[in-house]
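*Asks:*
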């Protein structure tokens, strides 16, 4: 009895496995691909290899993460295209009867989502699905303060950028989340080294970007030299200005004082001399006359024997 029960269990399990295999085999094969595109660029999505002679209907079903769904379809028997709720940036790459690829121009974040191509042919159906992801490159800036702290910022990127430093250290990282998956990354680093480099990598770039903080010591030395030279120039300029002012004022004062003091004094001496010259001449004449008269008087009063001696 037990062996019979085991045989029944094995038989049921085998039948279930066969039925599951058949069900899976009956499901149309579906290819799923992930496509990453940088915002602002264009992308072409293909339906795969389809025999144009066997094609009956090809349909693109667009399911964005936000916004309305849209559909692009083409029927070969009627040579007719149908367009429902699709943006003007989304269209057939060329004529749908020759190429069923979908083209999206100037991709934006609103284009993210699922893109399904369904092709009906005389030989069967085929599906191809794309998961479209839009990449937004961040804007990188680096700020270095006088205290030796550097802040590397990768603003508004999708996904979040990866920031590293050279030389390596233990930076502090801050994330700021925005709408539509946009992220701003801040990396704050205070190393002991005088020269550091911020390295930023992002899926939207083929290579990482780098920005370097200049040497703090070199910057301080240059600043010190500049301040010293500027101070010396200012001092020399002030001294030269004072010297020129004194020289100019001295000349002006000298010219203004000489006519006021010296000329009146000389003129007064000259006038006094002119006034005294006639008096001196008169006195001299009077002295000569007086001396002559005195000699005559004395000679008259002397005895005759002494007059000849005088």
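Residue numbers (full-length UniProt numbering): 1 to 310. Beta carbons: idealized from backbone N, C-alpha and C, even for Gly.
Compute the distance between the beta-carbons of residue 191 and residue 148, then report whether it is under 9 Å.
*Replies:* Against the chain shown, residue 191 aligns to sequence position 191. Against the chain shown, residue 148 aligns to sequence position 148. Cβ atoms of residue 191 and residue 148: closer than 9 Å.
*Asks:* Tell me the start and end of each unbroken alpha helix (DSSP H) in the UniProt domain "Ig-like" (28-133) that is at least 4 residues and wholly inside, in chain order.
*Replies:* Those alpha helix (DSSP H) runs which fall completely within the UniProt domain "Ig-like" (28-133) and span 4+ residues do not exist here.
*Asks:* What is the rounded straight-line gap between the Cα of residue 125 and the Cα of residue 49?
*Replies:* In the chain shown, counting from the first residue as 1, residue 125 sits at position 125. In the chain shown, counting from the first residue as 1, residue 49 sits at position 49. Cα to Cα, the separation comes out at about 12 Å.
*Asks:* Alpha carbon to alpha carbon, how far is residue 88 from residue 176? Give it in angstroms, no decimals.
*Replies:* Numbered from its first residue, the chain shown carries residue 176 at position 176. Numbered from its first residue, the chain shown carries residue 88 at position 88. Between residue 176 and residue 88, the C-alpha separation is close to 33 Å.
*Asks:* When you compare only the Cα positions, how much space is there between residue 185 and residue 164?
*Replies:* As a working note, residue 185 is residue 185 in the chain shown. As a working note, residue 164 is residue 164 in the chain shown. Rounded to the nearest angstrom, the two C-alpha atoms are 11 Å apart.
*Asks:* Can you grab the Cα-Cα spacing for the pair residue 168 / residue 69, in whole Å?
*Replies:* Position 168 of the chain shown, counting from 1, holds the residue named residue 168. Position 69 of the chain shown, counting from 1, holds the residue named residue 69. When rounded, the distance between both Cα atoms is 48 Å.
*Asks:* Answer with buried or exposed for residue 171, where buried requires no fewer than 16 other C-beta atoms within 10 angstroms of its C-beta.
*Replies:* Walking along the chain shown from the start, residue 171 turns up at place 171. Buried, since its Cβ has 16 or more Cβ neighbours within 10 Å.
*Asks:* Where do the N-terminal and C-terminal ends of the beta strand (DSSP E) with residue 182 fall, by residue?
*Replies:* The residue given as residue 182 occupies position 182 in the chain shown. It is not in any beta strand (DSSP E) - residue 182 carries neither H nor E in the DSSP assignment.
*Asks:* In this structure, does DSSP put residue 231 in helix, strand or coil?
*Replies:* Stepping through the chain shown from its first residue, residue 231 is reached at position 231. DSSP places residue 231 in helix when its eight states are reduced to three.
*Asks:* Looking only at DSSP bridge pairs, what is residue 165 linked to?
*Replies:* As a working note, residue 165 is residue 165 in the chain shown. Bridge partners of residue 165: 198.
*Asks:* Closer than 7 Å by C-beta to residue 121: which residues in its own chain qualify, once you throw out the five before and the five after it? Chain order, please.
*Replies:* Here residue 121 is taken as the residue at index 121 of the chain shown, counted from 1. Cβ within range, chain order: 50, 51, 54, 55, 56.
*Asks:* If we ignore side chains and look at the alpha-carbon of each, how far apart do residue 97 and residue 41 end up?
*Replies:* Taking the chain shown and counting its residues from 1, the one referred to as residue 97 is at position 97. Taking the chain shown and counting its residues from 1, the one referred to as residue 41 is at position 41. Going from the Cα of residue 97 to the Cα of residue 41 covers about 26 Å.
*Asks:* On the three-pair Cβ rule with 8 Å, is the stretch 70-81 touching the stretch 134-153?
*Replies:* Not touching, per the Cβ criterion.
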